[in-house]
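Chains as they are written, first to last, in this note's numbering: chain A, 914 to 1245; chain B, 914 to 1245.
Okay, structure first, notes after.
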């Protein structure tokens, strides 16, 4: 086994015990098909396999490549692309080649026709429940479902993402916003038919009691931004870095912008004040000094775009790398 | 040939004519060894080859992998790793395996010893010239050079990065800051010896008249943040995206956080107001409306971390893809 301290840096490291605790906590609370784990957060079919083993046959995807690679990995029992596409031909191929069950979100006449024309068989009608992003207006959902059925598609139900709550630090405010959003989604569900109401995220996992399935993803690896809103889960992933330079007032490690998602701000180093990140550097002020060659753990503010920069995850326990998982779902 | 409009999206597209104009403008102003192009901005050995063809035998790297891959591509005539490493063994191998000339930056006793112990033969002493990042204090440079020589290393000279000027929008302010920074570097150069004074960046390309070689990288592809400070160069790279959803007040395209470096803020779409980016979406308000299936060009605020998310560059002219270049220098 390789010690974590001998990994070439920067390297993504996952605390295997924290990961497993996060996974089992969520699977206990939302067993079986109540949870449809979102793979966009981790981009790793090996991790998705563990989620399926814990009883969740259905997975959520954000890109066509995620669907393709999961199907190729034998995890295609029930793949939802929770996103719109105007060209669904690659999705149609996945169903035929791997015997995968593929469902795609639709929110317009164009995307309904793309699904049918691309050889996809099943859709969810995506409904705008308050986040200015994808989704039709609730009152349009029934008409889109009718169009889809007229083109031979099976309409499994609705989905809607209440992502507007990620900026609400107060739990009561989040709860009220989720209830309002799900009111809109259930109204649409009545018009659409089908038995699926797919919604949610890690930050609403214990607030959204209306959806039939929760599309949570961040809970597995977590990050520093979402932890206060979902304290049942702990950050499991850090970027292992090496101190390469020490000045009288600061130190520099080899984990920069290209090893971190930066849209949620700077990462965290325990016992240090992070000043800024450059392409391949992080400049920080350590409370207790630092020496060239020291290792530091850099905790990303946002997991998803961090993982997307790296080629593999190193699973670690007690300072040893116990497994290496390819981040095979990256790209498009 | 594939039309750009048929590329799977999101896709990195480079205007081949703008790229060539940027390259030749810089090569005319800083011919031959006056320019040491920095490959970190583009991560592409095919683009580096074009820079070498334009007369610049030396290249600047930020990571060990960049050094390795350039050497393997036959571009190892004079590779500078303008960064510190505490383990230089992979660099030593590059020299032996490919007959490459490898020089590494050092700024501490530890990094000098790492260079010597790892089989590297040549170093530059990296000097802190005002950016709180790597580099020794100017008055320490001579001592480090002596140590390096005592360990059998050749000391080619000094380097220093005046990156503090990237936040100075006024040219006169930048010019004064560059002069002050280079004063520190030349002081150290006198103590260190050697004939190389390596410094600079695209934002100081026509201000830094003190360095013997300029480490510019962004000029090739440019981005919206640096263009006002280096207007001789134009943005050549965009992310081609597809509109996947249209609401009454906004539209959504398939180019999100994971296709863009976000540390310099939101990207730009001409004729539109960008509201926000999510993992795989950009929500924007188009001035003249949008339809599902429309293509949009998303111009990144920061090239370097944008390129690092993608697998390849599509070179385009008149709407056709004329070449595809692998982004083979990514990762570590």
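C-beta: ideal position from N, C-alpha, C; glycine also.
If we call anything under 8 Å between Cβ atoms a contact, is residue i one with residue j?
i, j, result
"residue 1031 of chain A", "residue 1013 of chain A", "no"
"residue 946 of chain B", "residue 971 of chain B", "yes"
"residue 923 of chain B", "residue 1167 of chain B", "yes"
"residue 1070 of chain A", "residue 1111 of chain A", "yes"
"residue 1027 of chain A", "residue 1007 of chain A", "no"
"residue 999 of chain B", "residue 1147 of chain B", "no"
"residue 948 of chain B", "residue 1133 of chain B", "no"
"residue 1184 of chain B", "residue 1207 of chain B", "no"
"residue 954 of chain B", "residue 1119 of chain B", "no"
"residue 1227 of chain A", "residue 926 of chain A", "yes"
"residue 1115 of chain A", "residue 1139 of chain A", "yes"
"residue 1161 of chain B", "residue 1212 of chain B", "no"
"residue 928 of chain A", "residue 1203 of chain A", "no"
"residue 1205 of chain B", "residue 1237 of chain B", "no"
"residue 1015 of chain A", "residue 980 of chain A", "yes"
Does the CB of residue i have a neighbour CB from chain A at under 8 Å?
i, result
"residue 920 of chain B", "no"
"residue 1052 of chain B", "no"
"residue 1091 of chain B", "no"
"residue 1041 of chain B", "yes"
"residue 1241 of chain B", "no"
"residue 949 of chain B", "no"
"residue 1206 of chain B", "yes"
"residue 997 of chain B", "yes"
"residue 1320 of chain B", "Outside the displayed span of chain B (914 to 1245) sits residue 1320 of chain B, for which this structure offers no information."
"residue 1191 of chain B", "yes"
"residue 982 of chain B", "no"
"residue 1165 of chain B", "yes"
"residue 1170 of chain B", "yes"
Does chain B have any CB closer than 8 Å to the CB of residue i?
i, result
"residue 1020 of chain A", "yes"
"residue 1159 of chain A", "yes"
"residue 1221 of chain A", "yes"
"residue 1200 of chain A", "no"
"residue 1151 of chain A", "no"
"residue 1032 of chain A", "no"
"residue 1188 of chain A", "yes"
"residue 955 of chain A", "no"
"residue 1174 of chain A", "yes"
"residue 1023 of chain A", "yes"
"residue 1213 of chain A", "no"
"residue 1245 of chain A", "yes"
"residue 1097 of chain A", "no"
Closest to residue i by CA distance: which of the options is it?
i, options, result
"residue 1059 of chain B", "B:1022, B:1041, B:1073 and B:1091", "B:1022"
"residue 1137 of chain B", "B:1215, B:1170 and B:1096", "B:1215"
"residue 1073 of chain B", "B:1086, B:1026 and B:1129", "B:1129"
"residue 1241 of chain B", "B:1174, B:976 and B:1212", "B:976"
"residue 1135 of chain A", "A:933, A:914, A:963 and A:978", "A:933"
"residue 1210 of chain A", "A:1153, A:1193, A:1187 and A:1195", "A:1153"
"residue 1092 of chain B", "B:1063, B:1102, B:1105 and B:1124", "B:1124"
"residue 1126 of chain A", "A:959, A:958, A:993 and A:1064", "A:993"
"residue 918 of chain B", "B:1243, B:1244 and B:1234", "B:1234"
"residue 1198 of chain A", "A:1231, A:1174, A:1163 and A:1170", "A:1163"
"residue 1165 of chain B", "A:973, A:1025, A:1046 and A:1003", "A:1046"
"residue 1025 of chain B", "B:1218, B:1079, B:1141 and B:996", "B:996"
"residue 1222 of chain A", "A:1238, A:1194, A:1192 and A:1172", "A:1172"
"residue 1042 of chain B", "B:1078, B:1005, B:1094 and B:1063", "B:1094"
"residue 1107 of chain A", "A:1157, A:1049, A:1038 and A:1174", "A:1038"
"residue 1036 of chain A", "A:1104, A:1053, A:1051 and A:1065", "A:1065"
"residue 1100 of chain A", "A:957, A:1052, A:1086 and A:1082", "A:1052"
"residue 1048 of chain B", "B:1131, B:1098, B:1103 and B:1187", "B:1098"
To which residues does DSSP link residue i through a beta bridge?
i, result
"residue 1127 of chain B", "B:948 and B:1112"
"residue 994 of chain B", "B:974 and B:1017"
"residue 1225 of chain B", "B:1239"
"residue 1158 of chain A", "A:1165"
"residue 1088 of chain B", "DSSP lists no partner for residue 1088 of chain B."
"residue 1023 of chain B", "In DSSP, residue 1023 of chain B forms no bridge with anything."
"residue 1233 of chain B", "B:916 and B:1230"
"residue 924 of chain A", "A:1153"
"residue 1039 of chain A", "A:1072"
Inside the segment 1048 to 1085 of chain B only - beta strand (DSSP E) runs reaching at least 3 residues: 1067 to 1073
Segments of 3+ residues assigned as beta strand (DSSP E) that fall wholly inside the segment 953 to 992 of chain B: 971 to 974
Runs of alpha helix (DSSP H) lying entirely within the segment 1173 to 1214 of chain B, each at least 4 residues, in chain order: none
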